[in-house]
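Going line by line, the protein sequences match chains A and B.
Using this note's numbering, the letters of the first sequence correspond one by one to residues 99 to 428.
Using this note's numbering, the letters of the second sequence correspond one by one to residues 481 to 987.
Structure record follows, encoded as structure tokens.
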Amino acid sequence: MTISMKLDGAWLRAAAFATVLSVPALLAGSAVAEDYPSPDETLDWTIAFGPGGGNDIMARTIIDILNKYDLYPGDISAENRAGGSGAVGWGYLFGQAGNAYGISTTSGSFVTTPLQADTPWQPEDFTPVALLATDDLVLVVNGSSEIQNIEEFIAMAKESPVNIGGTGTVNVDFIVPTLFAQRAGFEFDYVSFNSMADQTTALLSDALDAMVGNPGEILGLIDSGELRPLVFSGQSTPAALEGVPTMGDLGYDIGVSMPRGLILTPGAPKEAQEWWIATMQQVVETPEWDEYIEKNTLTPTVLYGEEFREFLASTKSGFSEVLRSVGAID
Amino acid sequence: MDIFSDLMMGLSVAITPINMVYLLVGAMVGMIVGVIPGFGPSAGLAILLPITFGMDPIGAIMMLAAIYYGAMYGGTITSILLNTPGESATVASTFDGFPLAKKGRAGPALVMQAVASFVGGTVGVILITVLAPLFAQVSRSFGPPEYFLLAMMGMLTLIVMIGSNWKLGLLSALIGFALGTVGVDLETGQGRYTFGSAELIGGIYFIPIAIGLFGLGELFYAFYQGLHKTGTGSIVQYDKEERFWPTAQDWISTRMTMARHSVLGFVVGVIPGAGATIASLMAYSTERSISKNPEKFGKGEMAGLVAPETANNAASSGAMIPLLTLGIPGSASTAVLLAAFLLWGLRPGPLFMEQNPELAWGLIASMYLGNMALLTISIFAIPLFVKLIKVPYRILGPTVLVICTLGTFSVNASFVETYLMFGAGIAGFFMRLYGFSPAALVLALVLGPLAEEALRQTLTISRGSFGIFIDRPASLSIIGVTIALVVLLPLLNRFGKSAGDAEKAGT
């Protein structure tokens, strides 16, 4: 008896759950004539960078999760449309305004490329789904340096200006140390490099005093003691950098980071946006997603819909303010 | 003995039937992406990377690495037969490889390039096996001052490349430097001559320019000469069967060339960022400046083909050192390999070889096997490639044009780069007609931005003082080597020559 009661209970709960789920679906169905997403439509997933890059890995991770948990009913076609630091791929998505089946993942260039080139689109033009994570930077010195911690570094920098290396100028690599130095009250010379590899070599050769970079690419050098991490720019320190303070911990919170999120075409239907928000809420709960965040030392920062659009707008204005003040952009 | 046991362990990991299949697939794919102009190893690697996600990392890394060094073998084939570099590191191989083929020595040139690639690649792997920790010190002593001096040393090469008409040669180099200024200025972040185009943010990439100047320029020139009208017309001569194998003279005269440039190429490859392209250009000019008959260079001198070919393969081995010992990629291709390591959850860095001995030594062992496989494949494939040049030019010419266009477009899906390639092709034709130097233009385009960026980084770091070049031991030693190259070598040469002349006069 008790067993059947339990079964009944479970069945009832399931039935109630199904009804709750199906009611809005029915309502939506009557309102817009068809359900989103339709299994007959192929989802056109634009990856604005080449295979193997950070944007590509994130897009393919999300697609794998969608497929594994059967979250998306139709086919997903992922295509790399690289070129012009993302201008080509996001330009392609921009050209399909209103299409409910055009989607793309964002990364730092989503904010910086429109600041540098005449793209027809701005980050706020697209229909925001969710900010999923941010790329944050770690400030490191050579392992053989006398500087043991961030307090010593700031004290040294206040005495005589230091140099800090990073990748590119219209980039978070330049903006993060600039804001940090303003807050902490020291001066520095920024040395711009073409790649993380170039700047790491320069730091190891003792040409630089310090550099900023994504922790994922230099964890090996940090583990072996060749590089010493001093401070992290994200809201919380990733496990791999345990013991390293954040800029916020020191009272110099800079509030800037590179957005890794998901966007739809400009003016995509409301139900498409809502469906994707609900779906991404499930995606970020999966163990596969946790593994992705940890492997790539990202900071999980989740914002949905309009909050993501506001985040993009404020990031963009923060960037252009700093860049304009140094004359990097007009 | 320790190294030997590590290597044996690596071999035992590498030699499983399935891994051998991966290795061969990688070698073949590498040759193919090398042959297609514009489509270099980094693009080939990036496209194949996603299929390795589910694979065992050892097999996958063996395959990816084989694509990388396999492209160095394949890239020369079109350099020799069509004057079209298949890959950036084989630009220098067109200088003497194509004239050799025109002289009817396509067969020996292809065999010698395969052997030179094998020697360079294998010596490189031996040096990794024995001296990896030592060379890791070299990779970590390079900062902006050293890169600037290295670029300056490379620019000395320009003197050699400029050729007989120095005014036109100099003008060619200046055009190259001018093109090198396009793109966002690294220091201020401001666009230079980008005209708001997102595709020019990163500057003008030299591969489409090289394909246009060399490959298309040659093609247009052949049409200009009316080669397509002659039924069996072909720029490249190849008919006599007995001329397939290199002569004893070829072997003897290039013995020391291979030895020299295996080491030179490897050392340049070890320096992150310098890579196989600069190694091959430096090898060519060094070989020419120490040669007893520099006047034969550019007209089909075997040593002029062997030098860059040995060096680019040795450099591709050398580039594994910073990757394996520091986790720093030395080139675009090793950057993709690094991305692969990260994808598999590995942590490249100084502890990588210690923590993953099977993977590291399996990779090194597989490079010995891969080079052997590539040597065999190359030699067996030569008759096939030689058939290609028997195709009448009216068919071959347009086909090459289509392949160059597709190859260039497919790398970045960029129309701007495709137009640049066509523009460079037309410019290349006129440069050829009026005696300009396309080689000097390409070299200036490669080295100009490198020198500019490194110098500005250096001066930012030193706050404007040039003393930094003398304060750092590494840069001081590069200055020493440069002085030796500029002052001592010509002196030695003159001395050797006059001694030789005296001898001749005496007899």
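Cβ coordinates follow ideal geometry from the N, Cα and C atoms, glycine included.
Measure from the C-beta of N312(A) to each C-beta in chain C and report whether the shortest distance is under 8 Å. Absence of chain C from the displayed structure is noted, the protein chains being A and B.
Report yes or no: do three or more beta-carbon pairs, one from the region 234-243 of chain A and one from the region 167-184 of chain A, lie closer than 8 Å? no
With a 10 Å radius around its C-beta and 16 neighbouring C-beta atoms as the bar for buried, classify F860(B) as buried or exposed. As a working mapping, residue 860(B) is identified with position 380 in the second sequence. Exposed, because fewer than 16 other Cβ atoms sit within 10 Å of the Cβ of F860(B).
Every unbroken alpha helix (DSSP H) inside the region 898-929 of chain B [4 residues or more]: Segments of the alpha helix (DSSP H) lying fully in the region 898-929 of chain B: there are none.
Give a yes or no on whether the minimum CB-CB distance between N563(B) and chain A is below 8 Å. Sequence index remark: in the second sequence, residue 563(B) carries index 83 (1-based). No, N563(B) lies away from the interface with chain A (no Cβ there is under 8 Å from its Cβ).
Whether or not the region 728-737 of chain B and the region 600-609 of chain B are in contact is what I'm after, with contact meaning three or more pairs of Cβ atoms, one per stretch, closer than 8 Å; do they touch? no
Based on Cα-Cα distance, which residue from L806(B), L855(B) and W824(B) lies nearest to M833(B)? Position 353 of the second sequence, counting from 1, holds the residue named residue 833(B). Among L806(B), L855(B) and W824(B), the Cα nearest to that of M833(B) is on L806(B).
Ends of the alpha helix (DSSP H) at I252(A)? On the first sequence, residue 252(A) is found 154 positions in, with the first residue counted as 1. I248 to E257 is the extent of the alpha helix (DSSP H) around I252(A).
Would you kindly report the start and end of the unbroken alpha helix (DSSP H) that includes I245(A)? Counted from its first residue, the first sequence places residue 245(A) at position 147. No alpha helix (DSSP H) holds I245(A); DSSP gives it neither H nor E.
Evaluate the contact criterion for the region 531-545 of chain B versus the region 803-818 of chain B: three or more CB pairs, one atom per stretch, below 8 Å. yes
Would you list, in chain order, the members of the region 656-672 of chain B that have their beta-carbon closer than 7 Å to a beta-carbon of chain A? Result list: V664, L666, E667, T668, G669, Q670 and G671.
Burial state of W725(B), where buried means 16 or more other Cβ atoms lie within 10 Å: Against the second sequence, residue 725(B) aligns to sequence position 245. Classification of W725(B): exposed, given that the 10 Å Cβ count is below 16.
What are the partner residues of P226(A), as DSSP defines its beta bridges? Numbered from its first residue, the first sequence carries residue 226(A) at position 128. For P226(A), which the question treats as bridged, DSSP gives the partners I361(A).
To which residues of the same chain is N645(B) closer than 6 Å at the C-beta, ignoring the five residues directly before and after it? The residue labelled residue 645(B) in the question sits at position 165 within the second sequence. Once the five neighbours on either side are set aside, the close Cβ partners of N645(B) are G915.
Relative to the alpha-carbon of A791(B), which residue among K779(B), E767(B) and S771(B) has its alpha-carbon at the smallest distance? To locate residue 791(B), count along the second sequence from 1; it is residue 311. The residue with the shortest Cα to Cα distance from A791(B) is E767(B).
Would G539(B) count as contacting chain A if we go by Cβ distances under 8 Å? Looking up residue 539(B) in the second sequence gives position 59. With 8 Å as the cut-off, G539(B) does not count as an interface residue toward chain A.
Name the chain A residues that come within less than 9 Å of R768(B), Cβ to Cβ? Position 288 of the second sequence holds residue 768(B). Per Cβ cutoff of 9 Å: no residues; R768(B) is ~30 Å from chain A at best.
Find the residues of chain A that neighbour N892(B), judging by a C-beta separation of less than 9 Å, and give them in chain order. Along the second sequence, one-based indexing puts residue 892(B) at 412. Those are G148, A180, G181, G182 and V186, listed as they occur along chain A.
Mind listing the chain B neighbours of V289(A)? Cutoff is C-beta to C-beta under 7 Å, in chain order. Along the first sequence, read from residue 1 onward, the residue named residue 289(A) stands at position 191. Under the 7 Å cutoff, chain B gives Q937, T940 and I941.
DSSP three-state assignment for I684(B), whether helix, strand or coil: The count along the second sequence starts at 1 and reaches residue 684(B) at position 204. When secondary structure is reduced to three states using DSSP, I684(B) falls in the coil class, being assigned neither helix nor strand.
What is the DSSP secondary structure of T203(A), reduced to helix, strand or coil? Walking along the first sequence from the start, residue 203(A) turns up at place 105. Residue state for T203(A) is assigned as strand, using DSSP reduced to three classes.
Just checking: is the beta-carbon of E679(B) within a distance shorter than 8 Å of some beta-carbon in chain A? Taking the second sequence and counting its residues from 1, the one referred to as residue 679(B) is at position 199. E679(B) counts as touching chain A.
Residues, ordered as in the chain, of the region 617-635 of chain B that lie near chain A by beta-carbon distance below 9 Å: S619, R620, S621, F622, G623, P624, P625, E626 and Y627
Can you pull out the residues from the region 829-862 of chain B whose beta carbon lies closer than 8 Å to at least one beta carbon of chain A? G829, P830, L831 and F832
Who are the near neighbours of W109(A) in its chain, counting only those whose CB is closer than 7 Å to its CB and skipping five residues on each side? The sequence position of residue 109(A) within the first sequence is 11, counting from 1. Confidence at W109(A) is low in this model, with a pLDDT of 44, below 50, so the placement of that residue should be treated as unreliable; the coordinate-derived value is given next. Nothing listed; no residue qualifies.
Taking DSSP's pairing of strands, which residues face T144(A) in a bridge? Looking up residue 144(A) in the first sequence gives position 46. Per DSSP, E177(A) and S202(A).
Classify S136(A) as helix, strand or coil using the three-state DSSP reduction. Taking the first residue of the first sequence as 1, we reach residue 136(A) at position 38. Coil at S136(A), not helix or strand.
Whose C-beta lies closer than 7 Å to the C-beta of W373(A) among residues of the same chain, with five residues either side of it excluded? On the first sequence, residue 373(A) is found 275 positions in, with the first residue counted as 1. The beta carbon of W373(A) is closer than 7 Å to those of Y134 and P135 in its chain, skipping five residues each way along the sequence.
Any idea which residues DSSP pairs V310(A) with across the strands? The residue you call residue 310(A) lines up with position 212 of the first sequence. Note: V310(A) sits in a beta bridge opposite L237(A).
Is I527(B) close to chain A, meaning its C-beta is less than 8 Å from at least one C-beta of that chain? As a working mapping, residue 527(B) is identified with position 47 in the second sequence. It does: the Cβ of I527(B) has a partner Cβ on chain A nearer than 8 Å.
Cα-Cα separation between R936(B) and V961(B), rounded to whole angstroms: Here residue 936(B) refers to the residue found at position 456 when the second sequence is read from its first residue. Here residue 961(B) refers to the residue found at position 481 when the second sequence is read from its first residue. Straight-line measurement puts the Cα of V961(B) at about 23 Å from the Cα of R936(B).
Could you spell out the range, first to last residue, of the beta strand (DSSP E) harbouring S290(A)? Indexing the first sequence from 1 puts residue 290(A) at position 192. Note, S290(A): beta strand (DSSP E), F286 to F291.
When you compare the CB positions of W219(A) and S175(A), do they come within less than 8 Å of one another, or not? The sequence position of residue 219(A) within the first sequence is 121, counting from 1. The sequence position of residue 175(A) within the first sequence is 77, counting from 1. No.
Residues sharing a beta bridge with A231(A), DSSP: In the first sequence, counting from the first residue as 1, residue 231(A) sits at position 133. Its beta-bridge partners are R358(A) and P398(A).
Along the chain, where does the alpha helix (DSSP H) that runs through N793(B) open and close? Indexing the second sequence from 1 puts residue 793(B) at position 313. For N793(B), the uninterrupted alpha helix (DSSP H) run begins and ends at M782 to G798, by DSSP.
Between which two residues does the alpha helix (DSSP H) containing F703(B) stretch? Within the second sequence, numbered from 1, the residue matching residue 703(B) stands at position 223. Element bounds for F703(B): G697 to Y704.
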